[in-house]
Structures are given as C-alpha cells and as structure tokens.
Amino acid sequence: MKLTFIGTGYVGLVSGVCFSEIGNQVTCVDKDLAKIERLKKGDVPIYEPGLKELIEKNTSLGNLSFTSDLTSSVQNADIVFICVGTPSLPSGEANLEYVEQVAQDIALAMDGYKIVVTKSTVPVGTNDKIKKIIGQLTPHPFDIVSIPEFLREGSAVKDTLNPDRIIIGTASERAAAALTELHKPLTDEIMVTEVRSAEMIKYASNAFLATKISFINEIANICEKVGADVTHVAKGMGYDNRIGSSFLQAGIGYGGSCFPKDTHALIQIAGNVDYEFKLLKSVVEVNNDQRFNIIAKLNHSLGDLQGKTIGIWGLAFKPNTDDVREAPALDIIKTLLDEGATVKAYDPIATENFRHFFRDEAVVQWSEDALEAAESCDALCLLTDWAEFKQVDLAKLGSVMKQPILIDGRNVYSRDQLADTNFQYYSIGRPQLESLSPFRKSVASD
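Following this line, the structure appears as structure tokens:
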C-alpha cells in the first residue's frame, strides 16, 4: 500500500519506517525542513535501537522517502496517518492545534478518496472534529479511523513490528477492511471498534499502567518501614495471572512523553463531563512525590546538602532512549541545586538533550563517563537503569568517591554485588539491603 505519515516524531517516524520494512511504499512528511534533510542523509534525530539501520535499508530499497511536500504526499497515498504532537496545555488538556491544522492541510490536498488515520493520542471525540474539519474543506470522499499507538520508547521498533494488539476504530467497513489487511503481517490480534472506544482505549491503557507503577511504589515505601523486600513482594504478586509482572518494578516513578501527559489529559477528559477521577489524581500525586524520596535519602545520609557534591547516573526517563521529557532527574537535580549542592551528571545517550534545561547552571558538571561523574562525590544517585550501570565494578566505584554513599533509585544492585563493598547503600523498598553496609553500621554506632 501507499502510506503517508505526517509528523516525524517517535510515533510517525518509527511507524512509517516499520511499515516500509514490511513492504509498503511509505512517505514521511514534516514541515521542519532541517529535520527532513537530516533524515534524507540517514541522520536520525532520535535515539531508538534499530531505527537507523531500518531507515538506511528501506531508503536504499526505495520503500521509504522523506519530504516536506504534504500536498503531493497526500495525493499519492491510499492511507494518510496523522502523527503530530498533542502536548499538554496548562490545564492538562491535550493541545489539538497541530492535529487540527494537519486535518485542514489534508483536506485541501485531497484529490480523491482517502483513509485518514489518527495515530496521535487525542481526547475522546477528537476524530469527530477531524471528520468535520475535513468535510467542510473538501468535496472528496474519505473515511476517518482511530488507531492508537502503544509504543515504548527504547523498544519502539520491536513493539511496532510485534504488537500485542491493533485497535481499529472506525464506522467504515471499507476502511476497516483496508487497515486490517495492512496490519495482518504484524499480528492476528486485531480489534475493530467504534472510534470513541478506540480513543479511550489508549488513555485507559496508559492510565492503568501508570496506576500499577504508583501502586508498587506505595508498596515499596511501606516495605521500607515494615522490613519487607518489595522485589520479592512484586515477584509474588506477578505470579498471579490476574495481576501480571509487568510494570511492578519499584523505583522513582514514571516519566517520558506519554504517561504524564495522558494521565493529566484523562483527568481533564473526566472533568469535562463532570466526573472526578479520584484514583488517577492520586496516581499522579504519588508519582510526583516518589522522585523526591531520593532527596530524603540523601538528607538522611548526609544531612545538609549545602556544599556537597552529588553524582547523578542517568538523565533519560528510562534506558535505551535519549528522551528526557518529564524525567525524574529534572526535578531531582533542580532540588539539589536549590539546596546548595554541586551536581556531576552522566548519561550514555541523553546528556545533550538534558543539558538544555540547565545551560545557565554553572554548578552542573557534565561528565564523559560514569566514573568521572562519581569521582570525589559525597554521594551517587542512580536514576536510570542503563545496562552499563548494572555492570560497573563497585569496588572501583567506591574507591573514586569521597564518601561511598550510593542511592539506587532503580534497585539495580543485588545483595551479592554489595556484600563485599563498604557502600552505605539505599534502594527503594529493600531496607534489609541497607543493613549490609559496614560503613552504615559504623556511622550508626558513632
């Protein structure tokens, strides 16, 4: 099929590239001329494992192209995908400015029947608005479809090529048939439903996963107080098929471009129909508070942070991505600076994106490697569970630090790894591991 994807962010770029990989003729469109030129040269503007290789392969095969010419791209396509951003407004509602503008542009470009698919995450009822906008501006027939995306940054290529399910929301049998055929090479788990249900499925899915994360973090906080191990608790819960083990890893909370935005948007959607989503409001509150447990543990071990040097490992909101949107590290580093600490920060991929938020902060030292970020530090905070942090030589790490204090915000290290070290070690919901540290024992006895 001939497909056009409008918007070359995570969703549009990854989706377009993967559909070209399974044999479709794909054009990716963006109004950002500099981005299009970069993509034409094989310079990928986002970090996503496997993406660059697929772009190079399918561009050379002629299955994939990049352009800023929306009109010809729409006219040459059988199916047009809307993949532009829907950032949050101050109210928490999704900003639909870009979606509505693209709908107008598509309408003005159409020269015959088109299937218009919304992959952008939009509030319930948005596709009805899109249908109205296009219908007012074109005499040509068209169908509107909602196909929400469920990509995880860091594994987006894999998720696109091996989806758990495909949700097709449409009132058109013709469009449903065409899109079922398009997705059949990827999975047989294809559900056709009405448009508004498809729109809600996306928000409900992300809100439920965010709820699981906040729930296990609350359990972790209780575990610390009662002497239980949250990793064992989560494992035991996960054996129950009704619960499952995914998204039960305690830590410092979720971030990124989806969960924070979508939870706020769903709260606002509920509010717009006079319903208070009390549970989801609590999920958001718990998540916002959870990252500051890192600061509490630092205060417990160091006292006043004024004049202290704190190392930070991990700036991206999760490993295998350079996305720092809503990353816990943003709030944690800001708080450390406000309390008078000097910060040494390192991330394998995301440092350049992250440092845009702190360009005027001379007290942030941007390190080239993990050990450099830890050198001469009073404490080290692990905020993103990159693989290289899991493989570090803890003895060598302790030897370069001023004080061997390690705050593990992702529960990366095990009892065996810590047994022969002198770290004063704090994790999330595993208080018995902290008692392994001879350094901590000596402090407690003073």
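Residue 1255 in our numbering sits at position 142 of the sequence shown, and the numbers go up by one each step.
Backbone N, C-alpha and C define an ideal beta-carbon position, used for all residues, glycine too.
- Beta-bridge pairing by DSSP links residue 1141 to 1118, 1179.
- According to the DSSP assignment, residue 1494 belongs to the beta strand (DSSP E) that extends over 1492-1495.
- Residue pairing by DSSP places residue 1231 opposite 1195, 1259 in a beta bridge.
- Non-local C-beta neighbours of residue 1375 in its own chain, meaning closer than 7 Å and more than five positions away in sequence, comprise 1234, 1316, 1319, 1320, ordered along the chain.
- Looking at 1359, 1334, 1184, 1149, the one whose alpha-carbon comes closest to that of residue 1126 is 1149.
- Between the segment 1459-1469 and the segment 1385-1404, the count of Cβ pairs shorter than 8 Å is below three; the stretches do not touch.
- Taking the CA atoms as reference points, residue 1526 sits about 7 Å from residue 1503.
- The Cβ neighbour count for residue 1477, taken over all protein chains shown within 10 Å, is at least 16; the residue is labelled buried.
- Residue pairing by DSSP places residue 1299 in no beta bridge whatsoever.
- Residue pairing from DSSP places residue 1478 in a beta bridge opposite 1457.
- In the displayed model, residue 1125 falls within a helix according to three-state DSSP.
- Only buried fits residue 1347, as 16 or more other CB atoms lie within 10 angstroms of its CB.
- At a Cβ-Cβ threshold of 8 Å, residue 1286 and residue 1240 do not count as neighbours.
- A straight-line Cα-Cα distance of about 10 Å links residue 1183 and residue 1221.
- Its chain contains 1118, 1121, 1129, 1179 as the residues whose beta carbon lies nearer than 6 Å to that of residue 1141, once the 5 sequence neighbours on both sides are disregarded; these appear in chain order.
- Look at residue 1284 here: in three-state DSSP terms it is coil, with no helix or strand label.
- Out of 1211, 1491, 1524, 1193, the CA that lies nearest to the CA of residue 1199 is found in 1211.
- A Cβ-Cβ contact shorter than 8 Å links residue 1493 with residue 1520.
- Residue 1455 and residue 1448 have their C-alpha atoms spaced approximately 11 Å apart.
- Judged by beta-carbon spacing, residue 1495 lies beyond the 8 Å limit of residue 1472, meaning their Cβ atoms are not closer than that value.
- Residue 1497 sits close to residue 1432, with the two beta carbons spaced by under 8 Å.
- Looking from the CA of residue 1246, the closest CA among 1213, 1238, 1277, 1132 belongs to 1213.
- Just so you know, the alpha carbons of residue 1175 and residue 1138 end up roughly 8 Å apart.
- Measuring C-alpha to C-alpha distances from residue 1442 to each of 1453, 1425, 1434, 1276 identifies 1425 as the nearest.
- In this chain, the alpha helix (DSSP H) harbouring residue 1530 covers 1528-1531.
- Taking C-alpha positions only, residue 1453 is separated from residue 1217 by approximately 51 Å.
- Secondary structure note for residue 1248: its alpha helix (DSSP H) is the uninterrupted segment 1239-1250.
- Between the alpha carbons of residue 1333 and residue 1366 lies a distance of about 12 Å.
- Contact annotation: residue 1323 and residue 1201 have beta-carbon atoms that are not nearer than 8 Å.
- A distance below 8 Å separates the beta carbons of residue 1230 and residue 1192.
- Check the Cα spacing between residue 1457 and each of 1488, 1434, 1123, 1440: the tightest is with 1488.
- In this structure, the alpha-carbon of residue 1407 lies about 10 Å from that of residue 1446.
- Counting along the chain, residue 1351 sits inside the alpha helix (DSSP H) bounded by residues 1343-1351.
- Here the segment 1293-1304 does not lie against the segment 1149-1164, with fewer than 3 beta-carbon pairs under 8 Å apart.
- The DSSP-derived three-state label of residue 1327 is helix.
- For residue 1274, there is no enclosing beta strand (DSSP E); the residue is part of the alpha helix (DSSP H) that begins and ends at 1269-1274.
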